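Mapping the sequence shown onto the UniProt record's numbering, position 118 (from 1) lands on 118, and the numbers just tick up by one.
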Amino acid sequence: MKLVEILQHRENFNQVEADIAKFVLDNPQSVINLSVREFASQLFISPSAIVRFTKKIGLSGYSDFKMKVASELTYFSKDDTTLVALDLPVASKQTVRDIAKTMMNLHSQTLLDVYLDLDLKNITMAGDLILHSDWITIFAKGESILAAEALHQKLLRIGFNSHLEALHGFQLVKPIRAKQPIGIIISQFGDSREMLVNLRELARHNIPSIYITSNQNNKAWQSAQIGIYVENNETLNKMGSFASRTAFLYVTDVLYEYVFSRNYDENVKLLSDYAFQSRKRNRFLGVDD
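This is the structure we're talking about:
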C-alpha cells in the first residue's frame, strides 16, 4: 500500500497520528523541506511523536518518511482523492464523465508506479542483448500477448529477425539456425508452467532469455538471464487488464526505444522505407504507380 493511501485511511491512528496524516496530505511539498523539529512545531507536538509515527507505518524514521512523500508527490496532488482500485476501478451506475476521469487516473497512476520502480540497468542489458541478436523468439500467453505482439511488430519495422507464435500450443522452443538467438518471455503473473518450460528449454540450448513479469517470486524469474520487473498489483479477480496492459506496453516501449536510439539514423530510414512500402501496398487497385 502506498503512503498516501495509509495516510488517507488513517486506520488505527490516534488523534495525534491523525493530525500528522492530515498535515502531510494538505502540505506534502512543505513536509519535504521541513526538519522534524519544524514539522513538530507546526502541530505543537514533540519531534519524537513524529518519529514514532513514521515507524508505526513501517518506515525507518523521518528521513525515510520524507523520501517516501517525495517519491509519491504526484499522488498527493490529486485532489486528496483515493487511488483508483486496479481490479474494480468503476462503481455501479457511474456516469460516463466519471468513468472517463477514473480511467484517465488509473492509467496515469499506473505509468507513475512503473516509472518510479523501473529497473533501468536491466532494461539497458536487455536492450543490448537484443541489439547483438540475430534471431528473437517472443513468448507470451493470454493478455500478455498484446504487449508481446506490439513489441514484435515494432522490432520487425527496424529489421530485427523477430518471431512470435500467438496461437496456444505453437509456443515451443524450436531448433534455431542462428549464431546469436535470444528469447523474450512476457508473463504478468509468472505462474504459467508453459512459460517456465520455455525458459528452461532456452537455457538447455544456451539461448539467453529476457523475462518481463510482475512476479519475482517464482522459478521462472530465477531461470532467466535478465529479469525486468513490472510494478503491477492487479489480481485475477478483475474487470479487465487495464493497468497491466498499460504497464507492460510502457516497459516494452521503453525497451524498444532504447534499441531504436542506438542506431537512430539507420532506423529512421528503415521506418521511412516501411511507410513507403505500406502506402504502396495499400493503394486502391487500378491506381497507377
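The beta carbon of each residue, even a glycine, is placed where N, CA and C say it ideally should be. Being a predicted model, the structure only gives us computed values, none of them experimental.
Asked	Found
At which residue ranges does the region 169 to 217 contain complete alpha helix (DSSP H) runs of 4 or more residues, listed in the order of the chain?	193 to 204
How many Å lie between N161 and L73 at the Cα?	42 Å
Decide if the region 267 to 279 is in contact with the region 135 to 154; the criterion is three or more beta carbon pairs, one per stretch, under 8 Å apart.	no
Among V230, V254, L255 and D253, whose alpha-carbon lies nearest the alpha-carbon of A243?	V230
Which one of F39, I50, D117 and S214 has the shortest CA to CA distance from S192?	S214
Taking buried to mean at least 16 other C-beta atoms within 10 Å of its own C-beta, is D113 buried or exposed?	buried
Using the three-state DSSP reduction, which class does F160 fall into: helix, strand or coil?	coil
If you drop the 5 nearest sequence neighbours on each side, which residues of the same chain put their C-beta closer than 7 Å to that of R281?	none
Within this structure, are the beta carbons of S60 and T54 separated by less than 9 Å?	yes
Where does I45 fall in DSSP's three states?	coil
Give me the Cα-Cα distance between H163 and A18, rounded to the nearest whole angstrom.	55 Å
With 16 other CB atoms within 10 Å as the buried threshold, where does K66 fall?	buried
So I186 packs on F248, CB below 8 Å; how close in whole Å?	6 Å
Helix, strand or coil for I226 per DSSP?	strand
Alpha carbon to alpha carbon, how far is D253 from A178? Give it in angstroms, no decimals.	26 Å
Would you check if the region 30 to 37 and the region 2 to 9 touch, i.e. whether three or more CB-CB distances between them fall below 8 Å?	no
Below 8 Å on the Cβ atoms is my guess for I226 versus A70; work out the distance and round it to an integer in Å.	The pair is not a contact, with the Cβ atoms about 29 Å apart (cut-off 8 Å).
Which class does L25 belong to by DSSP, given the choice of helix, strand or coil?	helix
Suppose the cutoff is 6 Å on Cβ atoms and the five residues either side in sequence are ignored; what does the same chain contact list for I6 look like?	I57
What does the alpha-carbon distance come out to for the pair V259 and V268?	12 Å
State yes or no: is the beta carbon of I20 nearer than 9 Å to at least one beta carbon in chain B?	In the structure shown, chain B does not exist; there is a single protein chain.
How many whole angstroms separate the CB atoms of G190 and A220, which I take to be in contact at a CB cut-off of 8 Å?	5 Å
What does F139 pair with, by DSSP beta-bridge criteria?	I185
Using beta-carbon positions only, say whether residue 293 and R200 come within less than 9 Å of one another.	Absent from the model: residue 293. The displayed extent of the chain is 1 to 289, so no value can be given.
Taking its Cβ as the centre, do 16 or more other Cβ atoms sit within 10 Å of residue 290, making it buried, or is it exposed?	Not covered by the structure: residue 290. The range shown for the chain is 1 to 289.
Going by C-alpha to C-alpha distance, which of A203, E194, M195 and Q42 sits closest to P181?	A203
Beta-carbon separation of N232 and T110 under 9 Å?	yes
Which of the three DSSP states, helix, strand or coil, is assigned to S272?	helix
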